[in-house]
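Going line by line, the protein sequences match chains A and B. Going by our numbering, the first residue of the first sequence is number 96, and it counts up by one from there. Going by our numbering, the first residue of the second sequence is number 903, and it counts up by one from there.
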Amino acid sequence: MAKKDKEKLNNEISTESENKPLPDFAVELDNVSFTYEEGLPYALKDVSLKVKRGEFIAVLGHNGSGKSTLARLVCGLLTADKGNVTVWGYDPADKKQLGKVREHAGVVFQNPDNQMVASIVEDDIAFGPENLGVPRAEIGFRIEWALKAVGMEKYRHATPARLSGGQKQRIAVAGVLAIKPDVLILDESTAMLDPKGRREVTEVAARLNKEAGMTVILITHFMDEALLADRAIVMNKGEIALEGSPEEIFEKGDELESYNLSLPEIGAICNKIRAAGYELNDCLQPETLAEEIKEQAQKSGFKPRSSGDIPAPIGKNGQKEWDIDISNLDFTYSAKSPFATKALKGVNLHISEGEFFGIIGHTGSGKSTLVQHLNALIRLPKSQKHYKKPKVKKGQTPPPESIITIGGYDLSNRKCDFQSLRADVGMVFQYPEYQLFADTVFDDVAFGLKNFKKGLSAEEVERAVRESLTAVGLDYDEVHDKSPFDLSGGQKRRVAIAGVIVTKPKILVLDEPAAGLDPLGKRDIMALLHSLHANWCKTVIIVSHDMDEIAENCTRACVVSEGKIFDCDAPARLFERAEELFSLGLDIPTTAKIQRAMSALGLELKSDLTSDGFAAAVIDALKGGGDA
Amino acid sequence: MLNDVTFGQYYPTKSFVHRLDPRVKFLFLIAYIVMLFVAKSFYGLALCLLILLITVIASRVPLGSVLRSIKGVIAILVFTSVLNIFFHKGSQLLWEWKFIHIYTEGLIFTAFLTLRLFFIVMASALLTLTTTPVNLTDGIESLLFPLALIRVPVHVLALTMSIALRFIPTLMDETNRIISAQKARGANFDSGNIFKRVKAIIPVLVPLIISAFRRAEELGDAMDVRCYGCGSKRTKYKKLKFGWRDLIATLFAAILIAGVILFNIYGYDICPQIYFYMVIS
């Protein structure tokens, strides 16, 4: 049986390769235009592009630049209004050739959850080959091969729901690979992933390109991912604005800004040092930038300021009104069932009023569980109705009680006023725009306010809604009577944040506030949070995967790992423990990476790890050395 | 968190019953239900109980978990029992009050009925406790295969079922997240009268439905580009295997059915009175 299948498989492979000569170009677009609706501006306008067989090309652009439309035209989900698209010699606009196009060009989309058909990894990967009528034995080989290609062999029988975002997306890649395509298109496949997941996915693409000669089209708004490509094109308003090697593209920092793109962190730092008159050539990697700085240091000397001037975090300045105190916090999901999992193990944490606090950790580290305790979405056991004291055997000390106090609220007390606690501790969940529901922006924003404060007059409600919409940078008169679903992605997120801050919370907690946004969107949201921190609430707490974001914005941060607090400190000190963080599977910010690379070259430098602070410290050291 | 692993009531352990082919388990369940209704003597029912106990032991699922499955249907059980006791007509009147008459036959009949329902519920629970939802759909698909001959699109039905299963945990997570988010905005789902509660659900339902549509659309695209409906005849990677365990289970079931039928026939001699009541009922 198996032998027969193998023979069949060999036959099939041989006939397939005899079929057709290999095309020179994997994908060709010839003056292609497309509009979603007549009268609307072109989503793609006269675009011509040739992708060579075996080439790795990155398509960059902000949200709405037309880059995803390009992918959908190539795989035949859309049909061009004008011009021709050719994929591996086939025309996706022709219904008869569409099947062939899809056999040769596989697409991985943005949301890994919405690409999975089956509840078990191997069944999901089998879906494509099953559709093509591939014999069973061969499907087995293909699953094995595809999983190996994405480095997920161990997860063949796993349930996707248990995997991290990066792992899920790699499974989605494997599902496409099992079709054995010649062209792999990643259509913003990294947009929803954390930096680690992004790296996992792009590395897989780069390896497939190098080792298997697969043509890769990587569509993304993260500039650093373009570094892996042979060639990069920048899209703007449906047209190709720039084209060249990634290095060439990176040179044009200002022009990129005008296309709503931003340089990766390292490029921005590099430019700041350059602006002070130092010549740096290659600064695409921390190591190469460190080398360049060393070269400069050899010319001008290097004398950093004394290292003791990292400002002490606000933490220990005595108790203030809105401090958060957590002690001995334990939490177990589905206790007393076969699925019981300990999410938190004896967490102690103090967050002072006025901090911009960061919480770092993997998916499943317990950080979301921790955060949900802060506004009693998860109640402490003692505050629950049917609380029973745990039985303690003689001679054993009872486990310490979990206690949380926030401002005047004692969360372990059953009589605590949890409604007003929730008004005082605002919580913005991940992708908050997915929780909008009302007919108008006004109603959606007013929802929380009306829930918490009954009996407000219409004027009071209107004033509060107006204030909070203005605070998140929206024009009240323009948006208040629109449907929230008609707004752009960034605006929706702002409306959702307005719906939380409308109660004037003292403490604002945000879970991955910048997730899924393009670099400029991220920057805008972080700027918004700083303005809220200054004018609206006392404390801001963000949960984030992005170490650059933490280093850039937070006064203090803590790392949660396996239900415990690993460390809590100012970013500058926290990220000194790089080795330990790596071993927890976490990363460090770009600035810290450059500092490490420099110290390996004998240049010791301390900075607060923000990109401005770091660049200033480098310039300072180079100048100071010159003076001495 | 719980939803991550699996949902429903699957009890994860390794046992003889867990490893059986889901089709065998399914057919076994059907055979068992038939047996229960064929059994017309208490001896027959006792044998059915014995079978149930043996299966529970072989499945290594704690008896408590199996019994807990009755919780959901206990109200229906009590209701039908009460109705039957009061209104079942017979010849031996035991007690009467106004329009209520209780006959011996009624009591016996009710006892039979209740026990049967008990056993059916527990046996079905045992199936879902020992079979993952994925295996269960595979089994159902395979058993429905003959329908494909009369042009029922069994494969499409099966794919729909499997996608539904795939998305239940995702949507449950999403529901929980939306509920938490709206709770954080002061929504109250636990108090108020029925109208207030229904109204309170809207802020959860609307985003959930919108999200479900968005997911459906994206999934459709993803399936399209993975060559769904590209025209070739589909193959199926996973085939259920009928192994030695399944053979044993099938033989076991066959013997038991024979046993119940024998009990039925000879039950007439052993317990004539009950058999008599059963016949007239």
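Here a beta-carbon is modelled for each residue, glycine too, at the ideal position from N, C-alpha and C.
Check	Outcome
Quick check on residue 468(A): does DSSP put it in helix, strand or coil?	helix
Buried or exposed: which applies to residue 570(A), given that a residue is buried once 16 or more other Cβ atoms fall within 10 Å of its Cβ?	exposed
Compile a chain-ordered list of the residues in the segment 1117-1128 of chain B whose CB is closer than 8 Å to at least one CB of chain A.	1117, 1120, 1121, 1123, 1124, 1125, 1126, 1127 and 1128
Using only alpha-carbon positions, find the residue among 1123(B), 918(B), 914(B) and 980(B) that is nearest to residue 1147(B).	918(B)
Closer than 7 Å by beta-carbon distance: list the chain A residues that pair up with residue 1044(B), in chain order.	Neighbours of residue 1044(B) on chain A: none; closest Cβ ~14 Å, over 7 Å.
Along the beta strand (DSSP E) that carries residue 250(A), what are the first and last residues, could you check?	Per DSSP, residue 250(A) belongs to no beta strand (DSSP E) and is neither H nor E.
For chain C, find out if any of its Cβ atoms is closer than 8 Å to the Cβ of residue 474(A); answer yes or no.	In the structure shown, chain C does not exist; the protein chains are A and B.
Which stretch, first to last residue, makes up the beta strand (DSSP E) that contains residue 999(B)?	995-999
Restricting to Cα atoms, I'd like to know which of 1124(B), 1016(B) and 922(B) is closest to residue 210(A).	1124(B)
Under 7 Å between beta-carbons, which chain B residues line up against residue 514(A)? List them in chain order, please.	1088
Output, in chain order, the set of chain A residues within a Cβ distance shorter than 7 Å of residue 1130(B).	226
Using a Cβ-Cβ distance cut-off of 8 Å, determine whether residue 493(A) contacts chain B.	no
Around the Cβ of residue 304(A), are there at least 16 other Cβ atoms within 10 angstroms (buried) or fewer (exposed)?	buried
For residue 359(A), count the other beta carbons within 10 Å of its own beta carbon; 16 or more makes it buried, fewer makes it exposed. Which is it?	buried
Can you name the residues of chain B whose CB is closer than 8 Å to the CB of residue 655(A)?	Ordered by position in chain B, no residue passes the 8 Å Cβ test against residue 655(A), which lies about 16 Å from the chain.
Beta strand (DSSP E) containing residue 358(A): first to last residue?	Counting along the chain, residue 358(A) falls outside any beta strand (DSSP E), and DSSP gives it neither H nor E.
In the DSSP assignment, find the beta strand (DSSP E) that holds residue 349(A) and state where it starts and stops.	First-last for residue 349(A): 348-353, but that is the alpha helix (DSSP H), not the beta strand (DSSP E).
With 16 as the cutoff for other CB atoms within 10 Å, does residue 1005(B) come out buried or exposed?	buried
Are the C-beta of residue 1139(B) and some C-beta of chain A separated by less than 8 Å?	yes
Which residues in chain A sit within 7 Å of residue 1036(B), going by Cβ to Cβ distance?	214 and 215
Would you identify the three-state DSSP class for residue 1053(B), choosing helix, strand or coil?	coil
Note the first and the last residue of the continuous beta strand (DSSP E) segment covering residue 629(A).	Where residue 629(A) is concerned, there is no enclosing beta strand (DSSP E), although the alpha helix (DSSP H) it sits in stretches over 614-630.
Name the residue from 611(A), 543(A), 334(A) and 512(A) whose alpha carbon lies nearest to the alpha carbon of residue 141(A).	334(A)
Can you give me the Cβ contacts of residue 603(A) inside the same chain, cut-off strictly under 6 Å, excluding the 5 residues immediately before and after it?	521, 632 and 635
Using a threshold of 8 Å, state whether the C-beta atoms of residue 1162(B) and residue 941(B) are closer than that.	yes
Taking 7 Å as the limit between beta carbons, can you name the residues of its chain near residue 319(A), skipping five residues before and five after?	359
Quick one: which chain B residues come within Cβ less than 7 Å of residue 170(A)?	1127
Looking at chain A, is there any beta carbon in it that lies within less than 8 Å of the beta carbon of residue 1109(B)?	yes
Looking at C-beta atoms only, is the number of pairs between the segment 214-224 of chain A and the segment 244-254 of chain A that lie closer than 8 Å three or more?	yes
Taking residue 287(A) as the query, report the chain B residues whose CB atoms sit under 9 Å from its CB, ordered along the chain.	Under the 9 Å cutoff, chain B gives no residues; its nearest Cβ is about 12 Å from residue 287(A).
Looking at residue 287(A): is its Cβ nearer than 8 Å to the Cβ of residue 269(A)?	no
Less than 8 Å between the C-beta atoms of residue 712(A) and residue 368(A), yes or no?	no
Answer yes or no: does any C-beta atom of chain B fall closer than 8 Å to that of residue 618(A)?	no
For residue 223(A), which residues in chain B fall below 8 Å Cβ to Cβ?	1128 and 1129
Taking 8 Å as the threshold (beta carbon to beta carbon), is residue 1067(B) in contact with chain A?	yes
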